[in-house]
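Quick note, in the numbering used here, the sequence shown goes up one by one and the last residue is 288.
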Amino acid sequence: VRVANVNRSEAEGKQLETEYASQGKECLFIQGDLTDVAACERAVATTLERFGRIDILVNNAGVNDGAGLDAGPQAFVESLKKNLIHYYAMAHYALDALKESQGCIVNIGSKVSETGQGGTSGYAASKGGITALTREWAVDLAPHGIRVNAVLPAETWTPLYEKCLAAMDDPQTARNEIEQLIPLGHRFTTIEELADTVVFLASPRASHTTGQILFVDGGYTHLDRKCTQSAAISDFGAAKK
48 VRVANVNRSE AEGKQLETEY ASQGKECLFI QGDLTDVAAC ERAVATTLER FGRIDILVNN
108 AGVNDGAGLD AGPQAFVESL KKNLIHYYAM AHYALDALKE SQGCIVNIGS KVSETGQGGT
168 SGYAASKGGI TALTREWAVD LAPHGIRVNA VLPAETWTPL YEKCLAAMDD PQTARNEIEQ
228 LIPLGHRFTT IEELADTVVF LASPRASHTT GQILFVDGGY THLDRKCTQS AAISDFGAAK
288 K
């Protein structure tokens, strides 16, 4: 296994290199800020210089920056730079290598593209753009044997999410309230569950799968209203008895 990891944080990049090395795998850390298009080009060039090929491109970087309608056009554009433009740039610069390897692209999106959130226009537009580009690229690149799919998480338990909840007055109550909205198991999605889905889509086991948007969210996006409604009907029926 050989992986190139593009990351702004040297500490995180070096840590991942060490983890891979301990498993006998190779991880190339490339320090760079993906909001800089030139950094995207350098990342692809450095990867090809080291490994000679690119089989899989996973676009994942982004931040829910709260650039809402009141933030203004410049903040909106900056949000697109943080969350969308580098997806296009990385795919553009990796395109020739992906054509040569007949590789694949996996884009990480968000349920916000489907549900909205409020107060985060730039992020929502970016995630909607990711979904649209996934299907556009799937059509565009099918003649070259390149598959393109997207994974859309919802409430996923990450160190950043844990940090956000910890800043609240009652973190445990906040977590419980969120988990009650997740129909399958009433729990957060794990990082490993997302990673497993990405690995599947990038593997030969998904060799005839392209243009698909996979929600890895415990039913949060499409089932929560139905499940809540069913529970309400059940409670109403019990009350009548």
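Using N, Cα and C, we set each Cβ at its ideal position, and we do this for glycine too. The structure presented is a predicted model; accordingly, all values stated were derived computationally and were not measured.
Buried versus exposed call for residue i [16 or more other C-beta atoms within 10 Å across all chains shown]
i    : result
A285 : Reliability fails at A285, whose pLDDT of 44 lies under 50, so the model's placement of it is uncertain and the value that follows must be treated cautiously. The residue in question, A285, is exposed, as its Cβ has fewer than 16 Cβ neighbours within 10 Å.
V53  : buried
P230 : buried
L116 : exposed
S160 : buried
T167 : buried
A58  : exposed
For residue j and residue i, believed in contact at Cβ under 8 Å, the rounded distance
i    : j    : result
L142 : N196 : Actually they are not in contact, since the Cβ atoms of L142 and N196 sit about 17 Å apart, beyond 8 Å.
I193 : I152 : 7 Å
E202 : I225 : 6 Å
G165 : N130 : Not really, about 17 Å apart at Cβ, beyond 8 Å.
L81  : A108 : 5 Å
E88  : Y140 : 5 Å
Proximity to residue i [Cα-Cα], best of the options
i    : options               : result
F76  : C87, D83, Q70, E64    : E64
C74  : V50, K129, S254, Q259 : V50
V84  : I132, I238, D216      : I132
W184 : C87, D216, K146, P218 : K146
T316 : I260, G266, Q70       : The structure shown has nothing for residue 316, since the chain only spans 48 to 288.
A189 : R97, G232, T256       : T256
G232 : T94, I103, A118, G265 : G265
Proximity below 7 Å, CB of residue i to CB of residue j
i    : j    : result
L207 : R222 : no
I101 : A144 : yes
S157 : L199 : yes
V263 : T244 : yes
N111 : N154 : no
G60  : I103 : no
Segment limits, beta strand (DSSP E) that includes residue i
i    : result
Q78  : 73-78
R234 : No beta strand (DSSP E) holds R234; DSSP gives it neither H nor E.
R194 : 194-200
Continuous alpha helix (DSSP H) stretch holding residue i: start and end
i    : result
L207 : 206-213
G107 : Residue identity differs from the one stated: residue 107 is Asn in this sequence, not Gly. Per DSSP, N107 belongs to no alpha helix (DSSP H) and is neither H nor E.
Near the ligand COA: residue i beta-carbon under 6 Å from a heavy atom
i    : result
L241 : Of ligands this structure carries none, so the ligand COA is not represented either.
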